[in-house]
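Heads up, the sequence shown is in our numbering, so the first residue is 339 and it goes up one at a time. By construction, the Cβ of each residue, glycine as well, lies at the ideal position given by its N, Cα and C atoms. Model, not experiment: these values are computed from the prediction. What follows is a short report on a single structure.
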Amino acid sequence: MKPRNPNLQTMHLETRGMKLPDRLEYFRLSMEEMRHTYKRTVLTAADREVIVEDPFTGLHRYMLMFASNNYLGLANHPHVTKRVKDAMNEFGNGIGGPPLLNGYIRLIEELEERLAAFKGHEAAIIFSSGFMANLGLISALAEAGDTVLYDELSHASFHDGLKLSKARAIPFAHNDIKQLEELAERQSLETEGTMYVCMEGVYSMNGDIAPLNEITEICKATEAVLMIDDAHGTGVLGEGGRGTAFHLNCEKAIDINMGTFSKVFATCGGFVTASIALIEYLRYYARPYMFSASVPPPVAATVLGGLEVMENEPWLRTQLLANVEYAAKKLKPFGFYSMPQAGIITLALPPNMDIRKGAYLFHEKGIFLNPVEYPAVPANRQRFRISMMATHTKEDIDRLATAVEEVWNDSQAYSF
Ligand SMILES: Cc1ncc(COP(=O)(O)O)c(C=O)c1O
């Protein structure tokens, strides 16, 4: 069977019941047919400009990077690099065990203390990724008899965490405060255990932010525990980059904050901050923490170094926000999917544009950005996603805007 106009969803459905070798062959043919821009090999650091091995020509070429969440340019900041080298000299490359056994080195403890203070909470716990933090957090806390109300656009890791939890989980429409209020009022009467309200600070696929002030009021009135995933707000919003809740002056009303090291810190790992009691509970009930190795010393040093840079070089965040403002002005005529409110800018697809064709055209023009295509989002809500960095120049943003204009024009005529 030859795949026609495949995507990951149809591929999955069409290969159900096949023998594995047949399914893998179907998958291989589909990926060939898709001519996608995923998994491009990057040969240099995640800077504003990178060298890429072009999957279509095999040649090495320079591209402007608008797909990295290295918001402040910490990925190759000299202070962070030095911090990492020093940590490796002192603590070595890895730990070789979970934190509860042999993996709780002083550097990790120090980082947890720093993260807790940074987020205004008593304590913090570090996971091996943001994905694992969400998975562990919600599956450990939300028990049978509990209710979880969550924004429908929550990250895949949160959805997967819910699948592992025995709580009743009810989504509300994205940022729909009225619906959340009604749900919370009703569910608070029907919930025997704890009610949790969960959302992101900055939405990764939209770039908009949650109306946390109203949400905190709803949680107070209904005695719900408020949990935010601030993966994209951390380092970007609020004084000192302390996140979306600080930006909106409601940090004291946040019960649980989740974050990741994979965005502004440009490494990997995730964390949760909350009360001492809650964090200590997670250490023994969050399975991805208990049964998985601790992040290695270079990662802990990367984040510690990153926090120091954020404190000592506040102009990086100012520059990032200025770049977002400038890019938003230049890109406005092309139509946002959502108004940009942090480091992410999303562009709605022009009518009839084939998103893969558009992504290929951007690639050809030397612009590295991310298509967000079905089934990651519904077919009528596909978009392009741009991640801004403090290190982008005005000229980079001008080039981006020119490329968008050309792609918008070309895509109507171009035959893929
Ligand atoms: C909102 C949000 N939460 C969680 C994650 C998972 O983080 P990590 O990359 O550290 O696994 C991401 C990353 O894409 C994210 O955007």
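Worksheet item: Met372: which of Leu738, Thr740 and Arg694 sits nearest, CA to CA?
Response: Here residue 372 refers to the residue found at position 34 of the sequence shown. Selected option, being the one with the closest Cα: Arg694.
Fill in: Ala454 burial status per 10 Å Cβ neighbour count (16 or more: buried)
Position 116 of the sequence shown, counting from 1, holds the residue named residue 454. By the neighbour-count rule (16 or more Cβ atoms within 10 Å), Ala454 is buried.
Worksheet item: Quick one: what does DSSP say Ala638 is sitting in, helix, strand or coil?
Response: Looking up residue 638 in the sequence shown gives position 300. It is helical.
Practice prompt. Confirm, please, whether the CB-CB distance from Val418 to Thr740 is below 7 angstroms.
Written response: As a position in the sequence shown, residue 740 is number 402, starting the count at 1. As a position in the sequence shown, residue 418 is number 80, starting the count at 1. Taking 7 angstroms as the Cβ cut-off, Thr740 and Val418 do not qualify as a contacting pair.
Worksheet item: How about Glu519 and Ile464: are their beta carbons less than 7 angstroms apart?
Response: Along the sequence shown, one-based indexing puts residue 519 at 181. Along the sequence shown, one-based indexing puts residue 464 at 126. No, they are not a contact pair.
Worksheet item: What whole-angstrom Cβ distance do Met405 and Asn708 have, given they're in contact under 8 angstroms?
Response: In the sequence shown, the residue the question calls residue 405 occupies position 67. In the sequence shown, the residue the question calls residue 708 occupies position 370. Inspection of the sequence shows that residue 405 is occupied by Ala rather than by Met. Contact holds; Cβ gap of about 5 angstroms.
Discussion item. Can you tell me where the beta strand (DSSP E) holding His398 begins and where it ends?
Written reply: Your numbering for residue 398 matches position 60 in the sequence shown. His398 to Met403 is the span of the beta strand (DSSP E), which, as asked, contains His398.
Worksheet item: Which one or two residues does DSSP pair with Gly608 in a beta bridge?
Response: Working through the sequence shown from its first residue, we reach residue 608 at position 270. Gly608 is bridged to Phe465 and Thr598.
Worksheet item: Does the stretch 555-575 come close enough to the stretch 594-608 that 3 or more CB-CB pairs lie under 8 angstroms?
Response: yes
Worksheet item: Comparing the CB of Thr598 with every heavy atom of ligand 2, is any distance shorter than 6 angstroms?
Response: Summarising the ligand content, the structure contains ligand 1 and does not contain ligand 2.
Worksheet entry | Simplified DSSP assignment, three categories, for Met677 | Here residue 677 corresponds to residue number 339 of the sequence shown, with the count starting at 1. Met677: coil per DSSP, three-state reduction.
Worksheet item: By how many angstroms is the C-alpha of His497 removed from the C-alpha of Ala511?
Response: Here residue 511 corresponds to residue number 173 of the sequence shown, with the count starting at 1. Here residue 497 corresponds to residue number 159 of the sequence shown, with the count starting at 1. Each residue's Cα considered, the two are about 15 angstroms apart.
Worksheet item: With 16 other CB atoms within 10 Å as the buried threshold, where does Met537 fall?
Response: Residue numbering aside, residue 537 sits at position 199 when the sequence shown is read from its first letter. Flag for Met537 reads buried.
Worksheet item: Between Gly499 and Leu473, is the Cβ-Cβ spacing less than 7 angstroms?
Response: Working through the sequence shown from its first residue, we reach residue 499 at position 161. Working through the sequence shown from its first residue, we reach residue 473 at position 135. Their beta carbons are under 7 angstroms apart, which means Gly499 touches Leu473 by this criterion.
Fill in: Counted within 10 angstroms of its Cβ, other Cβ atoms place Ile705 as buried (16 or more) or exposed
Taking the sequence shown and counting its residues from 1, one reaches residue 705 at position 367. Flag for Ile705 reads buried.
Worksheet entry | Under 7 angstroms between C-beta atoms of Met470 and Pro359 | Indexing the sequence shown from 1 puts residue 470 at position 132. Indexing the sequence shown from 1 puts residue 359 at position 21. Taking 7 angstroms as the Cβ cut-off, Met470 and Pro359 do not qualify as a contacting pair.
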